[in-house]
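Single-structure report; data block below.
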Amino acid sequence: MDFLKKFWPTCFKVEEKNVVSLIIQLVIFLVICAVVGWVISLLAAIPIIGLIFGLVGALMEIYSIVGIVLCVLKFLGIVK
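Residue numbers (our numbering): 1 to 80.
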């Protein structure tokens, strides 16, 4: 669990059975990942370094999906 808390600290701020804290964390994940994804998509259009930014964008998507799943699991009380 310490490994997960180290890389996804905001997910563990969700309180069990508290819908408001879940929605706040989900909005934070979605907005930040959307903005960063938009910037990365602009930078991925550059031919030389586009591949690197494409990989960073894919990693960002994986990070956000895992974060959203952890938020839901914390909300349901599966993850402590």
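Glycine included, every Cβ here is placed at the ideal spot set by N, Cα and C.
Given that a residue counts as buried once 16 or more other Cβ atoms are within 10 Å of its Cβ, and exposed if not, what is residue i?
i: LEU70; result: buried
i: LEU55; result: exposed
i: PHE29; result: buried
i: VAL35; result: exposed
Below 8 Å CB to CB, which residues in the same chain sit around residue i once its five sequence neighbours on both sides are set aside?
i: GLY57; result: GLY37, ILE40, SER41, ALA44
Whose CA, out of the options, lies closest to the CA of residue i?
i: PHE75; options: PHE3, PHE12, PHE7; result: PHE12
i: SER64; options: ASP2, MET1, PHE3, PHE7; result: PHE7
i: GLY77; options: PRO9, THR10, ASN18, LYS5; result: ASN18
Who are the Cβ neighbours of residue i in its own chain at under 7 Å, not counting the five residues just before and after it?
i: ILE68; result: LEU26, PHE29
i: GLY50; result: ALA44
i: CYS33; result: MET60, SER64
i: VAL79; result: LEU70, LEU73
If you draw a straight line from the C-alpha of residue i to the C-alpha of residue j, how long is it?
i: ILE24; j: MET1; result: 22 Å
Start-end ranges of the alpha helix (DSSP H) lying completely within the stretch 13 to 73, minimum 4 residues
19 to 43
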